[in-house]
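A.B. asks: Numbering (mature numbering (1 follows the signal peptide of the UniProt record, and there is no 0)), first residue to last: -41 to -1, 1 to 572.
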């Protein structure tokens, strides 16, 4: 396949001068934490595993990146076949023919700058490049995998060398000496961790999708990905909008100083495959635009520097959604007949969306287990190691509670807890406040002692804001739509007869469509049902039940769903036998009854715990 649509030259020059600290406005690294409020545990939990680079560090990285002229993810494959079979075109990671736009029009746009000085005295081996990205949640940036991995498959370390800029339509300004002089109101952020599709191929640029996690929330307004069921957005002729700072001409390597946009018609898979042959992977790619003319005149196309940016379609409900991520195209972007190629988001949303909601106890991409010892009432963190659990870490006494659930109600990237007090049934949201380095507690459910189940499944309604579910004593299932700040909208009755279940659990997407689901076990028969989410706000949130297993209480007497324990993009389940053996059921992402793989033992002795959360 060739070179992805990234890079873009800024004329290499060495930069080392930083702006004042105030230019970034970053939070300090996290220190130790203490729970506050009478409703909270009396012992301090472990400090959240967050940290952020200083403003000086970010500015130094930015200077290196701005000076660079490297192309991220460049591959060794230099050519591909065109439709006539006679032309060869180096695939090149690129908006030509577009118009200038503002950050108000596209508030979710992000600039991704990578600057690594390689730790040597010379500047000749520095790596510096630029990609686009899209804010899909306050701490999450959707981009292309080739912006995160080089041609050998080795990761670029965005944690050590990355800078993200949001809130501005302009690239940083610099003077004649190469010193950065103006961020144009943009906000700087570091990168906490990175994820790319596990099957990304740098040689073919296939499965080209990735997510960056930021150490602190940004103020930029997020935009959502389209759904797995979306076909209308990909119909040939559908008008889509491309945004980016990429090259504006085939004759220069310079990327645009201002954000640009262009409207491109979606092309059929047949048209794309006719031009690109086997390099265009149906189902994985989508292409858009009128055929390039062979020159800048008459051509509208993505170009170098646009990589990782979004292709947007407004759906029938009038909502803008990301349907594509800029991936690759022909060298210099204007070869006659060529189209811009994008990663097809509907195919990958089931894998990428779990990364949008992957907060966990120790801050990696692996969901973790929280348990309480039945005799001592001590809470413990058990960090996932993908197929095993690390040694437990104490969270202190949780004797006051009979329910503990992990969630992130304010989408700040820090794992929260929902706890129910045994004495009166009050339910509290416990969340970390980085600004004061303390834990705060807020009452969110008054006298819920008789609630049969309380679930923190994530986003049930498709707005990317975490919700809450509860089954009352009459068996009515209620949805509490989250507002993203620890509060909820008016509850909706979404089901009845849920008192027939003695287990109601959920945290993430079990069938791979990018929508949050529920699991429920019938208390009489042991039948376990999958209730697939629809991702809509309303009473019809859940699809009809699908039986996926039969596990009576003599098979398993405790369950937990905390998300993706092995970081494969699929929600998992853990189940405990009465004898105390804990098993991991890895999700398959299937829409059929086989939603879990063969169980894997996580160890014995788990009969000592009476709360799994």
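All C-beta atoms, glycine included, are put in the ideal place defined by N, C-alpha and C. This structure is a prediction, so every number in the text was calculated from the model and none was measured.
#1: How many angstroms separate the CA atom of residue 101 from the CA atom of residue 492?
#2: If residue 123 and residue 70 are in contact, beta carbons under 8 Å, what's the gap, nearest whole angstrom?
#3: Secondary structure at residue 557, three-state DSSP: helix, strand or coil?
#4: Have a look at 201, 338 and 420 and flag the residue whose alpha-carbon is nearest the alpha-carbon of residue 356.
#5: Examine the Cβ distances between the region 107 to 126 and the region 176 to 196 and report whether three or more of them are shorter than 8 Å.
#6: Kindly identify the DSSP beta-bridge partner or partners of residue 580.
#7: What residues match up with residue 519 in a beta bridge as DSSP calls it?
#8: Tell me which residues share the same chain as residue 157 and place their Cβ nearer than 7 Å to its Cβ, disregarding the 5 neighbours each side in the sequence.
#9: Should residue 215 be labelled buried (16 or more other beta-carbon atoms within 10 Å of its own) or exposed?
#10: How is residue 355 classed by DSSP in three states: helix, strand or coil?
#11: Comparing C-alpha positions only, which one of 413, 244 and 309 sits nearest to residue 434?
#12: Answer yes if the region 271 to 278 comes into contact with the region 184 to 202, meaning at least three C-beta pairs across the two stretches below 8 Å, and no otherwise.
#13: Any idea if residue 475 is buried or exposed, counting beta-carbon neighbours within 10 angstroms, 16 or more meaning buried?
#14: Could you tell me which uninterrupted beta strand (DSSP E) segments, each at least 3 residues in length, are contained entirely in the region 466 to 524, listed from first to last along the chain?
#15: Using the Cα positions of residue 162 and residue 110, report the straight-line distance between them to the nearest angstrom.
#16: For residue 566, which of helix, strand or coil comes out of DSSP?
#17: Which partner residues does residue 96 have in the DSSP bridge list?
#18: Any idea what DSSP makes of residue 571, helix, strand or coil?
#19: Got a sec: is the Cβ-Cβ distance from residue 369 to anything in chain B below 8 Å?
#20: Would you give the residue range spanned by the alpha helix (DSSP H) that residue 229 belongs to?
#21: Within 10 angstroms of the Cβ of residue 275, are there 16 or more other Cβ atoms? Answer buried if so, exposed if not.
#22: Going by Cα to Cα distance, which pick from 138, 415 and 410 is closest to residue 426?
#23: Count Cβ pairs between the region 282 to 295 and the region 182 to 196 that sit closer than 8 Å; are there 3 or more?
#24: Nearer than 7 Å: is that true of the beta carbon of residue 100 relative to any heavy atom of the ligand COA?
#25: In three-state terms, what does DSSP make of residue 261?
#26: Apart from the five residues just before and just after residue -2, which ones in its own chain have a Cβ nearer than 8 Å to its Cβ?
#27: How big is the Cα-Cα spacing for residue 137 and residue 23?
#28: Does DSSP put residue 177 in a helix, in a strand, or in coil?
#29: With a CB to CB cut of under 6 Å and the five nearest residues on each side skipped, what residues in its chain are close to residue 556?
#30: Would you kindly report the start and end of the unbroken alpha helix (DSSP H) that includes residue 118?
#31: Please return the same chain residues whose Cβ sits closer than 7 Å to the Cβ of residue 217, not counting the five positions on each side in sequence.
C.D. replies: Judging by the given coordinates:
#1: Stepping through the chain shown from its first residue, residue 101 is reached at position 142. Stepping through the chain shown from its first residue, residue 492 is reached at position 533. Each residue's alpha carbon lies about 23 Å from the other.
#2: On the chain shown, residue 123 is found 164 positions in, with the first residue counted as 1. On the chain shown, residue 70 is found 111 positions in, with the first residue counted as 1. Yes, they are in contact, since the Cβ atoms of residue 123 and residue 70 sit about 7 Å apart, within 8 Å.
#3: In the chain shown, counting from the first residue as 1, residue 557 sits at position 598. Three-state result, residue 557: coil.
#4: The sequence position of residue 356 within the chain shown is 397, counting from 1. Ranking the options by Cα distance to residue 356, first place goes to 338.
#5: Touching, yes.
#6: Here the chain covers residues -41 to 572 and nothing more, so residue 580 does not appear.
#7: The sequence position of residue 519 within the chain shown is 560, counting from 1. Its beta-bridge partners are 533.
#8: In the chain shown, the residue the question calls residue 157 occupies position 198. Scanning its chain for C-beta atoms nearer than 7 Å, with the 5 sequence neighbours on each side dropped, one finds around residue 157 the residues 527, in chain order.
#9: Here the question's residue 215 lines up with position 256 in the chain shown. Label assigned to residue 215: buried.
#10: Numbered from 1 along the chain shown, position 396 holds the residue referred to as residue 355. Looking at residue 355 - three-state DSSP - the assignment turns out to be strand.
#11: For the purposes of this step, residue 434 is taken as the residue at position 475 of the chain shown. Looking from the CA of residue 434, the closest CA among 413, 244 and 309 belongs to 413.
#12: The region 184 to 202 is in contact with the region 271 to 278.
#13: Here residue 475 refers to the residue found at position 516 when the chain shown is read from its first residue. Label assigned to residue 475: buried.
#14: Within the region 466 to 524, the complete beta strand (DSSP E) runs of at least 3 residues are 477 to 481, 486 to 492, 501 to 509 and 517 to 522.
#15: Locating residue 162 in the chain shown gives position 203, counting from the first residue. Locating residue 110 in the chain shown gives position 151, counting from the first residue. So the two alpha carbons sit approximately 7 Å from each other.
#16: Taking the first residue of the chain shown as 1, we reach residue 566 at position 607. Looking at residue 566 - three-state DSSP - the assignment turns out to be helix.
#17: For the purposes of this step, residue 96 is taken as the residue at position 137 of the chain shown. Partner(s): 99.
#18: Residue numbering aside, residue 571 sits at position 612 when the chain shown is read from its first letter. Three-state result, residue 571: strand.
#19: Here chain B cannot be found, since the structure has a single protein chain.
#20: The residue labelled residue 229 in the question sits at position 270 within the chain shown. Here the alpha helix (DSSP H) through residue 229 covers 228 to 235.
#21: The residue you call residue 275 lines up with position 316 of the chain shown. Counting Cβ neighbours within 10 Å, residue 275 comes out exposed, since fewer than 16 surround it.
#22: Within the chain shown, numbered from 1, the residue matching residue 426 stands at position 467. Of the listed residues, the one whose Cα sits closest to residue 426 is 415.
#23: A contact between stretches requires three or more CB pairs, one per stretch, nearer than 8 Å, and the region 282 to 295 meets this requirement with the region 182 to 196.
#24: This structure lacks the ligand COA, and indeed carries no ligand of any kind.
#25: By 1-based counting over the chain shown, the position of residue 261 is 302. Three-state result, residue 261: coil.
#26: The sequence position of residue -2 within the chain shown is 40, counting from 1. Low confidence applies here, because residue -2 scores a pLDDT of 42, under 50, leaving its location unreliable; read the following figure in that light. Counting only Cβ-Cβ distances below 8 Å, and skipping sequence neighbours, we find 387, 389, 398 and 400.
#27: Position 178 of the chain shown, counted from the start, is the residue given in the question as residue 137. Position 64 of the chain shown, counted from the start, is the residue given in the question as residue 23. Here the alpha carbon of residue 137 sits roughly 10 Å from the alpha carbon of residue 23.
#28: As a working mapping, residue 177 is identified with position 218 in the chain shown. Three-state DSSP puts residue 177 in coil, outside helix and strand.
#29: Locating residue 556 in the chain shown gives position 597, where the first residue counts as 1. Hits under 6 Å: 545 and 547.
#30: Numbered from 1 along the chain shown, position 159 holds the residue referred to as residue 118. From DSSP, the alpha helix (DSSP H) with residue 118 extends over 117 to 120.
#31: Walking along the chain shown from the start, residue 217 turns up at place 258. Excluding positions up to five away in sequence, the list reads 59, 128 and 129.
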